[in-house]
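Be aware that the sequence shown starts at 1, since it is given in the working numbering, and climbs by one per residue.
What follows is a set of notes on a single structure, which appears directly below.
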Amino acid sequence: MSRTGRTNEGHTDVLVVGGGVGGVGRVAAALAACEGGARVVVVEPCTWIGGQLTSQAVSPDEHR
Numbered sequence: 001m002s003r004t005g006r007t008n009e010g011h012t013d014v015l016v017v018g019g020g021v022g023g024v025g026r027v028a029a030a031l032a033a034c035e036g037g038a039r040v041v042v043v044e045p046c047t048w049i050g051g052q053l054t055s056q057a058v059s060p061d062e063h064r
């Protein structure tokens, strides 16, 4: 049993670990797999996708 009290049993076709800035491509692939009928699970410790890039209101080219 996990920390959330849910069991870890189940079936998935695609497991995506991490949806931060580096995981955006993985999330896009997961969406495509889901649209194709796959059972998809995304595991992300934050409550949003995109990591610091989407939580800070900072443009990606700020340091150019």
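From the three backbone atoms N, C-alpha and C, an ideal C-beta is built for every residue, glycine too.
Close CB contacts of residue 40 within its chain, under the 6 angstroms cut and outside five residues either way in sequence, are with 14, 30, 33, 34 (chain order). By the criterion of a C-beta distance shorter than 8 angstroms, residue 27 is surrounded in its chain by 16, 19, 42, 49, once the five residues flanking it on both sides are discounted.
Distance from the CA atom of residue 12 to the CA atom of residue 37, rounded to whole angstroms, is 11 angstroms.
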